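Peer 1: For the sequence shown, the residue numbers in this note's numbering are 1 to 250. Glycine included, every Cβ here is placed at the ideal spot set by N, Cα and C. Source: prediction; values computed, not measured.
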Amino acid sequence: MAEITRDEVAEGDQDEPNYNKERIKYSPEEERKLERQHFWRVIDAFRYYSTHVHEQVKRAQRQYRSLTQHHQSLLPSVLPNLTHISQCVEHNQEVLHAIVHNCIDMFENMEYGEEEELKKLRPTSIFDMDKLKSTIKQFVRDWSEVGQAERDTCYLPIIKEIQRLFPSDQYDVSKLSVLVPGAGLGRLAWEIARLGYMCQGNEWSFFMLFSSNYVLNSLATTRGHRTRLDPSASLTLTPRAYPLPQTSPW
Ligand SMILES: C[S@@+](CC[C@H](N)C(=O)[O-])C[C@H]1O[C@@H](n2cnc3c(N)ncnc32)[C@H](O)[C@@H]1O
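1. M208: which of Y155, A189, V140 and L185 sits nearest, CA to CA?
2. Please identify the residue among I43, L74 and E22 whose C-alpha is closest to the C-alpha of A98.
3. At the level of alpha carbons, what is the spacing between F107 and E55?
4. Taking its Cβ as the centre, do 16 or more other Cβ atoms sit within 10 Å of H225, making it buried, or is it exposed?
5. Using a 10 Å radius around the Cβ and a threshold of 16 neighbouring Cβ atoms, would you call I85 buried or exposed?
6. Rounded to whole angstroms, what's the CA-CA distance from H91 to S168? Just pull it up for me.
7. To the nearest angstrom, how far is the alpha carbon of T227 from that of E94?
8. For ligand 1, is there any heavy atom lying closer than 7 Å to the beta carbon of M208?
9. I192: buried (16+ other C-beta within 10 angstroms of its C-beta) or exposed?
10. Give me, in chain order, the residues of the same chain whose beta-carbon lies closer than 8 Å to that of M79; leave out the 5 immediate sequence neighbours on both sides.
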């Protein structure tokens with residue numbers, strides 16, 4: 001199984017452009033505090049998702065209803081689509097809750113606080129919500145059937161090159177270490193590990209780490225219980241308003 005590790009986390013600026021930014025020096029204590037704050041901010045984004053999208057849906061409904069009857073009649077599918085989005089969002093939220101459920105103890109080298117924090121629902125920034133929505137879309141690319149074609153385009157050439165350079169009939173591939181830098185949701189690392197290579201993915205975004213930890217580690221342990229969130233049963237994250245079938249990674 002691919003192992004996802006985390007090298008470093010800087011408060012808030014993980015994926016923001018940092019050219020022209022001066023590096024601020026923090027004491028180790030301040031860094032730990034900032035990292036904890038960032039950790040909880042990302043969790044807040046996972047937990048606030050449905051509230052945020054429902055607000056957007058309500059705004060769209062209000063805008064639609066403010067149109068004249070004639071214009072509304074030209075767009076008959078708008079309200080049913082919005083209702084469908086609301087249903088998908090509820091399901092997505094279930095999955096997102098499951099993803100953050102075991103996060104507090106995810107890293108051995110860092111304490112992030114109390115589980116009590118998970119009960120508080122705090123609004124989140126647009127920036128963090130956008131990161132979360134990209135994470136959901138990336139789920140589709142990495143772990144759904146509809147993402148297969150894209151995976152074949154971007155991951156297969158890498159996998160083939162590894163196999164060409166280190167074929168399993170000439171090497172004991174279990175002794176070859178492959179690093180996937182910036183491993184995202186871990187699909188490439190998982191594919192390489194599945195071929196028998198020793199593979200490690202490195203990633204620093206909590207959005208990615210929480211999610212890949214869920215797919216690669218948590219689901220494997222709950223598999224026997226056949227929960228609704230087991231991908232072999234029905235892990236369906238919906239980036240837009242249609243449900244997607246999921247492949248099982250097992
Ligand atoms: C363009 S995304 C690609 C993700 C994944 N490889 C994929 O194809 O879906 C780049 C990833 O690298 C991660 N990343 C960027 N700089 C990093 C660093 N210095 N250490 C660890 N991860 C990093 C980002 O968080 C992001 O998830």
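Peer 2: In brief:
1. For this step, residue 208 is matched to residue 208 along the sequence shown. Closest option to M208, Cα to Cα, is L185.
2. For the purposes of this step, residue 98 is taken as the residue at position 98 of the sequence shown. Minimum Cα distance to A98 is reached at I43.
3. The sequence position of residue 107 within the sequence shown is 107, counting from 1. The sequence position of residue 55 within the sequence shown is 55, counting from 1. The alpha-carbon atoms of F107 and E55 are separated by roughly 33 Å.
4. Taking the first residue of the sequence shown as 1, we reach residue 225 at position 225. Low local confidence applies: a pLDDT of 37 at H225 is under 50, so the model's placement there is unreliable, with the coordinate-based value given in what follows. With fewer than 16 other Cβ atoms within 10 Å, it is exposed.
5. Translated into positions along the sequence shown, residue 85 becomes position 85. Buried is the call here.
6. Mapped onto the sequence shown, residue 91 falls at position 91. Mapped onto the sequence shown, residue 168 falls at position 168. Taking the straight line joining both Cα atoms gives about 42 Å.
7. Indexing the sequence shown from 1 puts residue 227 at position 227. Indexing the sequence shown from 1 puts residue 94 at position 94. With a pLDDT of 32 at T227, under the threshold of 50, the modelled position of this residue cannot be trusted; read the value that follows with caution. Each residue's Cα considered, the two are about 12 Å apart.
8. Position 208 of the sequence shown, counted from the first residue, corresponds to residue 208. Yes, the beta carbon of M208 sits closer than 7 Å to at least one heavy atom of ligand 1.
9. Your numbering for residue 192 matches position 192 in the sequence shown. It counts as buried.
10. Position 79 of the sequence shown, counted from the first residue, corresponds to residue 79. Met is not the amino acid found at residue 79; the sequence shown has Leu there. If we look at L79 and ignore the five residues flanking it on each side, its Cβ neighbours are Q61 and Y64.
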